[in-house]
Every structure is written in C-alpha cells, then in structure tokens.
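**Q** Take a look at this one; I'll ask things after.
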Amino acid sequence: MTSTRIALGVWIGASMLIGLKGAAMAAAPPCGWSSVGGGLNGSVFAMEVFDDGTGPALFVGGAFTNASGQALYRIGKWNGQSWSSVGGGLTSGTVYSMQVFDDGSGPALFIGGTFVNAGGVLASNIVKWNGSTYSALGQGTSGVVRAMTEYDDDDGPVLIVGGSFINAGGQTVNRIARWNGSAWSALTGPGEIGMNNNVLGLTTYHDGTARRLVACGQFTMAGGLGVNYISEWKNSFWLPLRAGLGALVSDVLVHDDGNGESLYAMGQFVSAPLVDGPIRRVTRWTGSTWAPIGLGVDGTGTSDINSAFSSADGPYAGLYVGGRFTQAGTQPAKNIAHWDGQNWATFGAGVGINSESVEVIGLYDIGYGPTLFAGGNFTMVDGAVASRVAQWRFPREACRADLDENCIADFFDVQAFLNHFSSGSTIADFNSDGLIDFFDIAAFLAAFSACF
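This is the structure in structure tokens:
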C-alpha cells in the first residue's frame, strides 16, 4: 500500500469521525478551562485529595454555603461528576487549610480554619473527618488555623499546625503547635516559644543532613530571633534562612526542577536582605542564599503568590503558582502560571478579572487524568463564567490525538500524525509497541474518535 493510500485512508476515517461530532459526550471536562459543577457561591481557600472509602475525590474548603442550589456548608466533595456534602459541613466560619494525616487510627482529612461546629460536633478551629464522622482535636486552638503539614520529630509522625492562635489545647504555643493524635504541645527549646505574628505556610525539606520543618508567614521573629517571614526548626531552635525575605511569605514547598529537591518560597516580597537584585514573589533556597526564579511574577498594585504546587508527573512536571498578578517572566499571565525549570508558561487567558485572585491551586487526578484545579474569589476563567473554582484539562489529556495541542481535534491533527508517521517519529507510535505501522493508524483513529 502506498503512502498516498495510507494518507487517504486516515483522511477518510477522520472525516467520518468529524462528521459524527456531537454524537457522544465524554464524562470528563473539555480541554482548557471550565467550571467545576457550576461553581460555588463563596471564596475557596483550601483543596486536598482524600479517599473516604469511595475512591479519591477532591475536597474543597472555603467560605461558601451553596453549589448550584445544593447546600454545601464551607466544605464540599467533588468526585469528578458532582458535588456532595461532607457530614453536613460547618455551621459558620471559613475553612483555610486541609491536610491528610494518619494519627494512628488510619488516614483522615484534617480541616482547619475559623469555626466552632462541624457536623454537630463542637470543634475549635480544627477538626478531623475520617470519611464518616467528625471528631474534635481536644480543645483545639484559640484562633484561626491557616496551615498544616506532617512532620516526623523523631518520636514518630505528628501534625504541625500554624495560624493566628496563641493557645492550643489550653497551652501557650504562639501560632504553631504539634498534635500527636491525642494531645497538643508547643515546639519548645532554649529560645522563646513560637512566632510574633501569623503562620501562613508549612512544609518539610531535607537540608542534606536531616529533614527540617519550615514555617512562613507574617512573622519577623521566631523563637526570639529575627528571621524575616520564614524560619526553619533545627535542633530545637528556630533559625533564619540567611536573613529571610523582604515581605510576607504566603506559601513554602519542596520542588525538584531537575537538579534535585530545593525549598521554594512564595509571597509578596520583591527582594531579600543581603541578596543583590530583585526576587519577585517566588524564590529558591540554595542552601546558603535565595535565588530568583527567572523574572518571577509581577503586576500592578498589590501583587502576590498565594499558593503553589509542585508536580513531578512527566509532561506536567513543574512548579505551579497562583495568586494576584498579571505577568510571569516576560509574558502576560492572569493569576496563574507554570515554571518548568527554564521558562514561565500560562494557561489560556488565565483566571479572574480585575482584582480577583487565585487562593489555592493543585494538580490532581480524580478519574480523568491529571487536571489543574484553581480556587479563589474569581468569577471568570478564559472569558467564561466559573464561580470560585475551575479546572484546566490539559489538551493531550482531553484528546490524545490533539497533536498540535490547541484543544481542537481536526484535520491539522490528522496532517500532523501523517507527518510523524511518514518520518518515522516515535510520536506516531500510538499503540506504544515500539513500531511505526498500520496498528498505529488504527490507534490514532481510535484516539481521534474519543475526542468527539
């Protein structure tokens, strides 16, 4: 069979499929940005994937009470198709943080914020959801819980909790505390206890000798030492990372840009003490100093990064950031962007209008492939309505045959496949058997048909 006849066969097959467009609808969302189940009626500040026994689902927390007419009090579960209540939710307040943690009784979802009642259970600003019931964590905290992370302090895994509270479990802790599954305690050492202002983010990272706990936020003092918005817990001391950063730090995480794991910090800062040159709202800790991430992100008025997420998932690997900004590197970027280790990239026209912002982001797979989720106080994405929560489906996840990744399966993709096929490119190996043959044509047409 000549290459002309091969091409003709593929063209005819693709033409028939395009003619049938609209005959079937996939359950998964479309390519690019779309609303999540009609959206929510209040801001979103927290996201976490948790398996409550019915399979992994996305749990979302914030200040909302309704999802498309359905009562959903400040926490909701999205299973990829519909929203559902989580044990009746919270009677008042706001959810700001969620963390999956096993306190010895099995993995559970820990929920933090500002509230006093969850599903009829009295709980002071923090509560545990095991998939069927809520339970309080002792006396809870005296103020807002903003961040949580798991940390092994040599006595086994504990839940570290940060926020604006002074007391936890009736003890003075000054904005950061540990929960071991049965009791609260302060992080104590020779220095003073806790921080002088709010903790907004927590993570752990390995500094080459041991895994360290890192806290960030609005504080300038930790353990009685000047630290400037970020500090690590090391050998029972709170210590500065060089001289800290120049303004509020909203989030901190570990990310591997291809050169090994490093600690990254995000926030409102545009500089760092003792560091020459600008560092615009995102930076990497080298072990001895703070380094810029390209040109960072920027914008008019108050610009910041509120949330970040790291992925090592093949084609989706990179650092994802969300907040309030209009530029990433040298290109326009509305409130959300991606750093691949070399360059900044955007997602369509971005998220939000005017002063709206992204408060939390995450890359999750809840049944239809890796999908980028964004939550915040926005009402629009890519010019379409999406109330407070939205999802970005990557072109090749939505349609594997979309070879030019423009969110449309058309003759240009057929032509691209034929070009790859005739040149022997591995991209044409659609059945992944290591060969470029007629079976790949069938596999391409099958993938093409799945796009309609």
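Just so you know, we're using the numbering used here here: the sequence shown kicks off at 4 and counts up by one. No residue lacks a Cβ here, since even glycine has one placed at the ideal position from N, Cα and C. In this text, all values refer to a predicted model and were calculated from it rather than measured experimentally.
1. With Ala139 as the anchor, note down where its beta strand (DSSP E) starts and where it stops.
2. In chain order, which continuous runs of the beta strand (DSSP E) of length 3 or greater are located wholly inside the region 317-393?
3. Kindly indicate the opening and closing residues of the alpha helix (DSSP H) around Gln418.
4. With Arg215 as the anchor, note down where its beta strand (DSSP E) starts and where it stops.
5. Excluding sequence positions up to five away, which residues of its chain have a Cβ less than 6 Å from the Cβ of Trp395?
6. Suppose you measure from the CA of Ser46 to the CA of Gly96; what does that come to, to the nearest Å?
7. Among Val161, Val98, Phe433, whose alpha-carbon lies nearest the alpha-carbon of Ile114?
8. Distance check for Ser360 and Glu408, CA to CA, integer angstroms please.
9. With a threshold of 16 other CB atoms inside 10 Å of the CB of Gly25, please say whether the residue is buried or exposed.
10. Under a three-way DSSP split, which group does Ala26 fall into?
11. Given the structure, does Ile169 come close to the ligand GTP, in the sense that its CB is under 7 Å from one of the ligand's heavy atoms?
12. Is the region 378-392 close to the region 338-352, with three or more CB pairs under 8 Å?
13. Do Tyr208 and Val257 have their CB atoms nearer than 8 Å?
14. Residues in its own chain within less than 6 Å of Gly122 by CB, not counting five upstream and five downstream?
15. Relative to the alpha-carbon of Gly226, which residue among Asn177, Leu248, Leu251, Ala268 has its alpha-carbon at the smallest distance?
16. Val264: buried (16+ other C-beta within 10 angstroms of its C-beta) or exposed?
17. According to the neighbour-count rule (16 or more other Cβ atoms, all chains shown, within 10 Å of its Cβ), is Asp343 buried or exposed?
18. One question on the structure: do Leu205 and Ala189 come within less than 8 Å of each other, judged by their Cβ atoms?
19. Helix, strand or coil: which one does DSSP assign to Pro398?
20. Alpha carbon to alpha carbon, how far is Ala66 from Val230? Give it in angstroms, no decimals.
21. Along the beta strand (DSSP E) that carries Arg78, what are the first and last residues, could you check?
22. Quick check: the Cα distance between Ala27 and Ala453, rounded to an integer number of angstroms?
23. First and last residue of the beta strand (DSSP E) that includes Asp54?
24. Give the single residue among Asp307, Ile439, Ser306, Pro281 whose Cα lies nearest to the Cα of Gly297.
25. How far does the alpha helix (DSSP H) with Leu448 in it extend, from its first residue to its last?
26. Starting from Leu298, trace the beta strand (DSSP E) both ways and give me its first and last residue.
27. For Gly247 and Pro276, I'd like the C-alpha separation in whole angstroms.
28. Less than 8 Å between the beta carbons of Asp405 and Asp416, yes or no?
29. Tell me the DSSP bridge mates of Gln84?
30. Is the distance from the Cβ of Gly194 to the Cβ of Ile179 below 8 Å?
31. Quick check: the Cα distance between Leu140 and Ala268, rounded to an integer number of angstroms?
32. Only counting the same chain, and skipping five residues up and downstream in sequence, which positions put a Cβ closer than 6 Å to that of Leu242?
33. Where DSSP assigns a beta bridge to Thr286, which residues make up the other side?
34. Can you find the residues in the same chain that come closer than 6 Å, C-beta to C-beta, to Phe272, ignoring five residues on each side of it along the sequence?
35. Going by C-alpha to C-alpha distance, which of Tyr367, Ser38, Glu362 sits closest to Ser85?
36. In whole angstroms, what separates the C-alpha of Asn338 from that of Gly325?
**A** Considering the structure as presented:
1. 137-139
2. 321-327, 339-342, 361-367, 374-379
3. 414-426
4. 214-220
5. Trp36, Phe350, Leu375
6. 12 Å
7. Val98
8. 27 Å
9. Since pLDDT at Gly25 reaches only 39, below the 50 mark, its modelled position is unreliable, and no value is offered.
10. Note that Ala26 has pLDDT 34, beneath the 50 cutoff, so the model's placement of it is unreliable and no number is given.
11. Of the ligands one can find in the structure shown there are none, so the ligand GTP has no counterpart to examine.
12. yes
13. yes
14. Gly90, Gly91, Tyr137
15. Asn177
16. Sequence inspection shows Glu at residue 264; the Val mentioned does not correspond to that position. Its Cβ having fewer than 16 others within 10 Å, Glu264 is exposed.
17. exposed
18. no
19. helix
20. 32 Å
21. The question names Arg, but residue 78 in the sequence shown is Ile. Ile78 -> beta strand (DSSP E) spans 78-81.
22. In this predicted model, Ala27 has a pLDDT of only 35, less than 50, meaning its place in the structure is not dependable enough to derive any value.
23. 47-54
24. Pro281
25. 441-452
26. No beta strand (DSSP E) holds Leu298; DSSP gives it neither H nor E.
27. 7 Å
28. yes
29. Its beta-bridge partners do not exist; DSSP assigns none.
30. no
31. 29 Å
32. Glu235
33. Ala268, Pro295
34. Leu248, Gly249, Ala250
35. Ser38
36. 5 Å
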